[in-house]
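Engineer: Numbering (the working numbering), first residue to last: 1 to 526.
1. Roughly how many whole angstroms lie between the Cα atoms of residue 508 and residue 209?
2. Could you have a look at residue 454 and say whether DSSP puts it in helix, strand or coil?
3. Considering just the uninterrupted stretch of the alpha helix (DSSP H) at residue 193, what are its terminal residues?
4. How far does the alpha helix (DSSP H) with residue 128 in it extend, from its first residue to its last?
5. Just mark residue 106 as buried or exposed, buried being the case when its beta carbon has 16 or more other beta carbons within 10 Å.
6. Could you tell me which whole alpha helix (DSSP H) segments of length 4 or greater appear in the segment 60 to 125?
7. Buried or exposed: where does residue 265 fall if 16 or more other Cβ atoms within 10 Å of its Cβ makes it buried?
8. Under 6 Å Cβ to Cβ from residue 281, same chain only, skipping five residues before and after it: list those, please.
9. In whole angstroms, what is the alpha-carbon distance linking residue 534 and residue 463?
10. Would residue 48 be called buried (16 or more neighbouring beta carbons within 10 Å of its own) or exposed?
11. Check each candidate in 73, 358, 453, 179 and name the one with the smallest Cα separation from residue 129.
12. State the start and end residues of the unbroken alpha helix (DSSP H) segment that holds residue 262.
13. Go through its chain and collect everything with a Cβ distance to residue 70's Cβ below 7 Å, but skip five positions before and after it.
14. Residue 217 lies in the alpha helix (DSSP H); which residues open and close that run?
15. Using a Cβ-Cβ cutoff of less than 6 Å, which residues in the same chain neighbour residue 76 once the five nearest sequence positions on both sides are dropped?
16. Report all residues from its chain with a CB closer than 6 Å to the CB of residue 93; omit the five preceding and five following residues, and keep chain order.
17. If you drop the 5 nearest sequence neighbours on each side, which residues of the same chain put their C-beta closer than 8 Å to that of residue 408?
18. Does the segment 144 to 153 come into contact with the segment 221 to 231, if we say contact requires no fewer than three beta-carbon pairs (one atom in each stretch) closer than 8 Å?
19. Answer yes if the segment 483 to 491 comes into contact with the segment 428 to 439, meaning at least three C-beta pairs across the two stretches below 8 Å, and no otherwise.
20. Can you tell me whether residue 197 is helix, strand or coil according to DSSP?
21. Please say whether residue 157 and residue 110 have beta carbons closer to each other than 8 Å?
22. By alpha-carbon positions, which one of 494, 471, 490, 449 ends up nearest to residue 126?
23. Hey, how far is the Cα of residue 342 from the Cα of residue 334?
24. When you compare only the Cα positions, how much space is there between residue 277 and residue 194?
25. Need the endpoints of the alpha helix (DSSP H) that residue 20 sits in, please.
26. If I follow the unbroken alpha helix (DSSP H) through residue 342, where does it start and stop?
27. What whole-angstrom Cβ distance do residue 585 and residue 513 have, given they're in contact under 8 Å?
28. Report the rounded CA-to-CA distance for residue 370 versus residue 118, giving the unit in angstroms.
29. Based on Cα-Cα distance, which residue from 26, 323, 359, 476 lies nearest to residue 43?
30. Could you check if residue 84 is buried or exposed, using at least 16 other CB atoms within 10 Å of its CB as the buried criterion?
31. Going by the CB atoms, is the gap between residue 160 and residue 191 shorter than 8 Å?
32. Quick check on DSSP: helix, strand or coil for residue 232?
33. Does the CB of residue 474 have a neighbour CB from chain C at under 8 Å?
34. Cβ atoms of residue 393 and residue 438: under 8 Å apart, would you say?
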């Protein structure tokens, strides 16, 4: 349905403000998004003279519109949830843990293996947290690694890797917010944002630096590691109820490591092939790889690829005899159910973005204010990063944050600073991940504590100094990117310089902070 936006001036910014303020106060994202949507449809209905009936008619029609336009994304998430449940039931992750116990010989190798497994399981952050924690906890306990350190390694390779993996539940969410009218599709925009997603990239660099380098910990984490080296595990907490079902499903399974690796690799390959197929690589004469990726419908392609991966998993696990026909179909319900919260938030976020863009023209109004105010656009990426950090930390959700911010920043940049569009989009995603990674009310942070069986507040307290260190480097990096973008430098040059500056700054801080925070460096057993 085509909507005609009404001009209501400053009232156009009320829906996102209502959603943001209520989210900060109540910590309830769904409730806040619903009221934000209603505030917008009330304004729209009364501006049209539709009255009370028009409010609910507009809300229902707009929500149905957005859901119908993104059905393929919902299907992809459901297929992904089922595949995750299947891989879990097959026991491949348990087999990885048994392999690790036999072959890893030091705390350093256990740390690297933990981070490596976290990166391998990039398709979904929930699956990542519980799998890595359950599998690697016996290994890291063997080498007296603190539960706080394990929780950090889990958390830092969950959301940060999912947000830069094109085939993941997170990527599907981001792509769905990007309008097709902006000269590129959601897949192209997402791929271009990856090199400038400083928080995700620098966090992964820091994870492996901390894992490999001896005595690199600082702050509360240093204390936790020193206590663990002495056999004092102050952060341990036996949290059985939240992962009881996860562990139960793997008991008695015949899975091998390749029952974890093969389905994920097949998913990646099939999704890439599906993107090329949907983009016309084999059906349109003269089509190139880049043209096919640029023309593809990411939602349809991901749903098609995930469905084919499910068919492969069915044949593969039946042939391997790691589960019965009944067990395969028993995974469908729990798999779909695991994605219901994400689907609800996505639907509401799509709707409020429709309220702002299609009904009230919020982005156009804000862009006009920015253009006429003399605001220095070169600091826009850094400012958006900080706003996204604060919002996501306060609400505990990355998806809700970029669902609110992306439609607005796309309009602002398209009209006032098109050369900063991808940089600002990257800053939005990076800031959103910061909050999801560090907030004590974030589901990913809670699951990381659960997977590591670590006291939740101790996990948050030891992780925040690490995350803030990376965030500081990101702010400097986005200032550099904004200045270079407004100075006429190409996106490639700007990205390379920004990454180099941010990375060098991070490495300098990682040399200074252990000395500054800890005084004399204590030697711990490796």
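Heads up, the beta-carbon is just placed ideally off N, CA and C, and yes, glycines get one too.
Structural biologist: Reading it off the structure:
1. 12 Å
2. strand
3. 186 to 193
4. 125 to 142
5. exposed
6. 71 to 90, 92 to 103, 107 to 120
7. exposed
8. 287, 292
9. The question about residue 534 has no answer, for the chain in this structure spans 1 to 526.
10. exposed
11. 453
12. 258 to 278
13. 176, 299, 350
14. Premise fails: residue 217 is in no alpha helix (DSSP H) and is neither H nor E.
15. 172, 302, 303, 306
16. 131, 135, 260
17. 16, 356, 362, 363, 366
18. yes
19. no
20. coil
21. no
22. 449
23. 14 Å
24. 23 Å
25. 14 to 26
26. 340 to 354
27. Because the chain is modelled from 1 through 526, residue 585 falls outside the range shown and cannot be assessed.
28. 41 Å
29. 359
30. buried
31. no
32. coil
33. Of the protein chains in the structure, only one exists, and it is not chain C.
34. yes
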